[in-house]
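Engineer: Please find one structure pasted underneath; my questions will follow.
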Amino acid sequence: MFNNIISVVKIKLYDIAHSRAGDKGNTLILSLIPYKEEDFPLLCQQVTVDKVKKHLKEIARGDIVRYELPAISSLLFVCQQALTGGVTTSLSLDTHGKSLSYALLEMEIEYTDSVDQKNI
Amino acid sequence: MKNKIRIGCGAGFSGDRLEPAIILVEQGELDYLVLECLAERTIALAQKRKLQDSSRGYDILLERRIRSLLPALKKNKVRLITNMGAANPIAAAKKIIEIAKESDLEISVAAVTGDDVFDRIDPQQKALETNAALSSSGKLISANAYLGVDAILPALQTNADIIITGRVADPSLFLAPMVHEFSWSLDDYDLLGKGTVIGHLLECAGQITGGYFADPGKKDVPGMSQLGHPFADVFADGSAMISKIAGTGGVINLQTAKEQLLYEVVDPYEYYTPDVIADFTTVHLKETGKDSVAITGGSGKEKPSTFKVSVGYHAFYLGEGEISYAGSNAMGRAKLAGSIIGERLKEPFPDMQIDYIGSTSLHHTSLKDAPEPYEIRLRVAAKSDSFEKAAIVGDEVEALYTNGPAGGGGVRKYVNEVIGIVSTLIRKEEVRCSITLFQS
Chain A
161 MFNNIISVVK IKLYDIAHSR AGDKGNTLIL SLIPYKEEDF PLLCQQVTVD
211 KVKKHLKEIA RGDIVRYELP AISSLLFVCQ QALTGGVTTS LSLDTHGKSL
261 SYALLEMEIE YTDSVDQKNI
Chain B
1429 MKNKIRIGCG AGFSGDRLEP AIILVEQGEL DYLVLECLAE RTIALAQKRK
1479 LQDSSRGYDI LLERRIRSLL PALKKNKVRL ITNMGAANPI AAAKKIIEIA
1529 KESDLEISVA AVTGDDVFDR IDPQQKALET NAALSSSGKL ISANAYLGVD
1579 AILPALQTNA DIIITGRVAD PSLFLAPMVH EFSWSLDDYD LLGKGTVIGH
1629 LLECAGQITG GYFADPGKKD VPGMSQLGHP FADVFADGSA MISKIAGTGG
1679 VINLQTAKEQ LLYEVVDPYE YYTPDVIADF TTVHLKETGK DSVAITGGSG
1729 KEKPSTFKVS VGYHAFYLGE GEISYAGSNA MGRAKLAGSI IGERLKEPFP
1779 DMQIDYIGST SLHHTSLKDA PEPYEIRLRV AAKSDSFEKA AIVGDEVEAL
1829 YTNGPAGGGG VRKYVNEVIG IVSTLIRKEE VRCSITLFQS
């Protein structure tokens, strides 16, 4: 007898969070903010530095530091050597890396959906 | 002493829209309007204009912005603080006086100078980014220290209606009126930290009112063609309420405030300004009504004993060319065009980049399985040491019309001089700030 159906689905960060990219020299700064504050622990657990490094391997060549900001339920990723030499001398079209917030949001995570059978 | 002041931010970068500031001054019941118009490279470009003509070197939109704002600023007794002085705050102040005289307006303008430290920078000094001598980056053009509130305060103590600066740390433009009105001590780092947070939230103007935020269906923002810019009611205890003028477009909510709070923050525990090292991790945000967010918390600790100096240098000439392909096998034809350019230009232009706009030009890869786009635009960019040589890049792309793959169209070509920026530090004692007053 099951009371709950628990389904694990793969979702994109885009589905549950938003992000803004900023730049300082050759450093890329990405915020990651869940639409619902209750999803913050899930982001902390799933969006690790290692996973972000792997996901952004074509973009961020250096170290990545993750800051947790529980007061505003948000994460911040600071990525070194990520702007092809830096805003002022890069040959890239998007020298600031402003579009890179949406690179992070393409990342997939596992999302556990618990559905109470009474509501089905 | 006041317990509350209202500060509006009417521009968040040099090319920002003009009318949001006018609406703020006309309807906002502001005490202060801030216009933040000076990006890192803007000042080096302004310095070059000043070298050509000593009466120039200020923000190129200064005249238009001042002309459109001056009557309402005067009528509603709103003081303006702006870094539109760029490389030449004195010339900017004189220009503002000239505009005021044309309209028979009596005003007083204070120019803040001292940020230009070009003559005190040793080209052999090391750049923070490269750890090599500044001069090894290229021919140096400008060196400007990021000044803090102590450079602006003497100007606020005069009767100046307009305070015009060169390089000042962006949050300091907002923190200065708080310190002035609330008599905050310059070593009360807790309050300076709180005020810096408020300044940081305001300094990009529309970026907290729904600009640079909208994503249809996910983050909907109403009325973006008439986006309102923000103002803050700042209280003497360092808390604030951010809002915008009723009837303007945009939105202020927890999401827009969070995105802006973390924007360009390299370390949220230690956000360096010339005034304080601010801690953003203790900031609390609360929605208090429609388009209204309350900010509490934030703190700070003692500031560094040095100013950061942003040094501009001539980096290279950038040559670019673009051409588009559409329909069946558009990507195949674009890639053929790219390989032709690569073969022809590889040797004279070792620093070259080939992008496929519509596919991988922004993220250098595609992060999801996407169908081949209907149209694709080849972009070629290369560094060169002369304008003439850089022009070859665009010329070669243009020559693909008759020598390249089928169906290429829409060629555009560009040559731009690129100014690079490196940073260094200067001891605060070496920087002498002063203010010069002008009356119309």
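Order-wise, the sequence lines are chains A and B.
With the numbering used here, letter number 50 in the first sequence gets 210, and the count goes up by one each step, no holes.
With the numbering used here, letter number 113 in the second sequence gets 1541, and the count goes up by one each step, no holes.
All C-beta atoms in this analysis are idealised placements derived from N, C-alpha and C, irrespective of residue type, glycine included.
#1: Which same chain residues, not among the five before or five after A/GLU197, have their C-beta less than 8 angstroms away from its C-beta?
#2: Are the Cβ atoms of B/ALA1604 and B/LEU1581 separated by less than 8 angstroms?
#3: Can you list the residues of chain B that A/VAL207 reaches, using a CB-CB cut of under 7 angstroms?
#4: Sort B/ILE1451, B/SER1570, B/GLU1687 by Cα distance to B/PHE1546 and report the nearest one.
#5: Which residues in chain A have a C-beta closer than 9 angstroms to the C-beta of B/SER1789? List them in chain order.
#6: Across which residues does DSSP place A/GLY182 in a beta bridge pair?
#7: Closest by CA to B/SER1720, which one among B/GLY1822, B/PHE1735, B/VAL1462, B/THR1684?
#8: Give me, in chain order, the residues of the same chain whose beta-carbon lies closer than 7 angstroms to that of B/GLU1800; leave out the 5 immediate sequence neighbours on both sides.
#9: As a quick exercise: from B/ILE1863, B/VAL1679, B/ILE1435, pick the residue whose alpha carbon is nearest that of B/GLU1609.
#10: From this set, A/ASP183, A/PRO194, A/THR249, A/ALA220, which residue's C-alpha is nearest A/LYS172's C-alpha?
#11: Once you ignore the five residues that flank B/ILE1863 on each side, which residues in its own chain have a CB closer than 6 angstroms to its CB?
#12: Chain A partners of B/ALA1743, CB-CB under 8 angstroms?
#13: Can you tell me the Cβ-Cβ gap for B/HIS1742 and B/LYS1567, rounded? I've got them flagged as a contact below 8 angstroms.
#14: Using alpha carbons as the reference points, say which of B/ASN1572, B/ASP1459, B/ASP1665 lies closest to B/ASN1431.
#15: Buried or exposed: where does B/SER1482 fall if 16 or more other Cβ atoms within 10 Å of its Cβ makes it buried?
#16: Please name the residues in the segment 1787-1813 of chain B whose beta-carbon is closer than 8 angstroms to at least one beta-carbon of chain A, in chain order.
#17: Whose Cβ in chain A lies nearer than 9 angstroms to the Cβ of B/THR1710?
#18: For B/LYS1736 and B/ARG1469, I'd like the C-alpha separation in whole angstroms.
#19: Residues of chain A with a CB under 8 angstroms from the CB of B/ASP1779: which are they?
#20: By a C-beta neighbour count over all protein chains shown, 10 Å radius and 16 as the cutoff for buried, is B/GLU1845 buried or exposed?
#21: I need the straight-line Cα distance from A/ARG226 to B/GLY1456, nearest angstrom please.
#22: Give the straight-line distance between the Cα atoms of B/ARG1492 and B/GLU1447, rounded to the nearest whole angstrom.
#23: Can you confirm whether the segment 1620-1640 of chain B touches the segment 1673-1689 of chain B when touching is taken to mean that 3 or more C-beta pairs between the two stretches lie within less than 8 angstroms?
#24: On a Cα-Cα basis, can you pick out the residue from B/GLN1781, B/ALA1798, B/PRO1658, B/GLY1835 that is closest to B/CYS1437?
#25: If we ignore side chains and look at the alpha-carbon of each, how far apart do B/ILE1673 and B/ILE1509 end up?
#26: Using the Cα positions of B/GLY1848 and A/LYS217, report the straight-line distance between them to the nearest angstrom.
#27: Output the residue ranges of the beta strand (DSSP E) runs that lie fully inside the segment 1587-1674 of chain B and measure 3 residues or longer, sorted by chain position.
#28: Enumerate, from N- to C-terminal direction, the unbroken alpha helix (DSSP H) stretches of 4 or more residues contained entirely within the segment 1488-1561 of chain B.
#29: Would you mind stating whether A/VAL212 and A/ILE269 have Cβ atoms separated by less than 8 angstroms?
#30: If the cut-off is 9 angstroms on Cβ atoms, which residues from the segment 1674-1692 of chain B count as contacting chain A, listed in chain order?
#31: Please classify A/LEU260: does DSSP put it in a helix, a strand, or coil?
#32: With a cut-off of 8 angstroms on the beta carbons, I'd call B/GLY1678 and B/GLY1651 a contact; round off their distance for me.
#33: Between B/ARG1855 and chain A, is there a C-beta pair that is closer than 8 angstroms?
Structural biologist: Inspection of the coordinates gives the following:
#1: Excluding positions up to five away in sequence, the list reads SER233.
#2: Yes, the pair counts as a contact, with Cβ atoms nearer than the cut-off.
#3: By Cβ distance, chain B contributes nothing, its closest Cβ being about 15 angstroms from A/VAL207, past 7 angstroms.
#4: Ranking the options by Cα distance to B/PHE1546, first place goes to B/SER1570.
#5: SER252, LEU253, ASP254, listed in chain order.
#6: Paired residues: A/ILE189.
#7: With distances taken between Cα atoms, B/SER1720 lies closest to B/THR1684.
#8: Leaving aside the five residues that flank B/GLU1800 on each side, the residues in its chain whose CB is nearer than 7 angstroms to its CB run, in chain order, MET1759.
#9: For the set B/ILE1863, B/VAL1679, B/ILE1435, the Cα lying nearest the Cα of B/GLU1609 is the one of B/ILE1435.
#10: Among A/ASP183, A/PRO194, A/THR249, A/ALA220, the Cα nearest to that of A/LYS172 belongs to A/PRO194.
#11: Beyond the five residues adjoining it in sequence on each side, B/ILE1863 comes within less than 6 angstroms, by CB distance, of ALA1538, VAL1540, PRO1582, ALA1583 in the same chain, given in chain order.
#12: Residues of chain A passing the Cβ test: THR248, THR249.
#13: The pair is a contact, with the Cβ atoms about 5 angstroms apart (cut-off 8 angstroms).
#14: Selected option, being the one with the closest Cα: B/ASP1665.
#15: By the Cβ neighbour-count rule, B/SER1482 is exposed, with fewer than 16 other Cβ atoms within 10 Å of its own.
#16: Under the 8 angstroms Cβ criterion, the segment 1787-1813 of chain B contributes SER1789, LEU1790, HIS1791, HIS1792, THR1793, LEU1795, LYS1796, ARG1807, ALA1809, ALA1810, LYS1811.
#17: Residues of chain A passing the Cβ test: ALA231.
#18: Per the coordinates, the alpha-carbon of B/LYS1736 lies some 15 angstroms from the alpha-carbon of B/ARG1469.
#19: Neighbours of B/ASP1779 on chain A, chain order: LEU251.
#20: By the neighbour-count rule (16 or more Cβ atoms within 10 Å), B/GLU1845 is not buried but exposed.
#21: Straight-line Cα distance between these residues: approximately 39 angstroms.
#22: Looking at the two C-alpha atoms, the distance is approximately 11 angstroms.
#23: Short answer: they touch.
#24: Looking at the Cα atoms, B/PRO1658 is the closest of the given residues.
#25: Rounded to whole angstroms, B/ILE1673 and B/ILE1509 show a C-alpha spacing of 20 angstroms.
#26: Cα to Cα, the separation comes out at about 26 angstroms.
#27: Correct list: 1590-1592, 1658-1663, 1668-1672.
#28: You should have 1490-1503, 1517-1530.
#29: Their beta carbons are not under 8 angstroms apart, which means A/VAL212 does not touch A/ILE269 by this criterion.
#30: Along the segment 1674-1692 of chain B, the positions whose C-beta sits under 9 angstroms from a C-beta of chain A are LEU1682, GLN1683, ALA1685, LYS1686, GLU1687, GLN1688, LEU1689, LEU1690, TYR1691, GLU1692, read in chain order.
#31: In the structure shown, A/LEU260 sits in a helix (DSSP, three-state: H, G or I).
#32: Under the criterion of beta carbons closer than 8 angstroms, B/GLY1678 and B/GLY1651 qualify as touching, at roughly 6 angstroms.
#33: Not closer than 8 angstroms to any Cβ of chain A, the Cβ of B/ARG1855 fails to qualify, so no.
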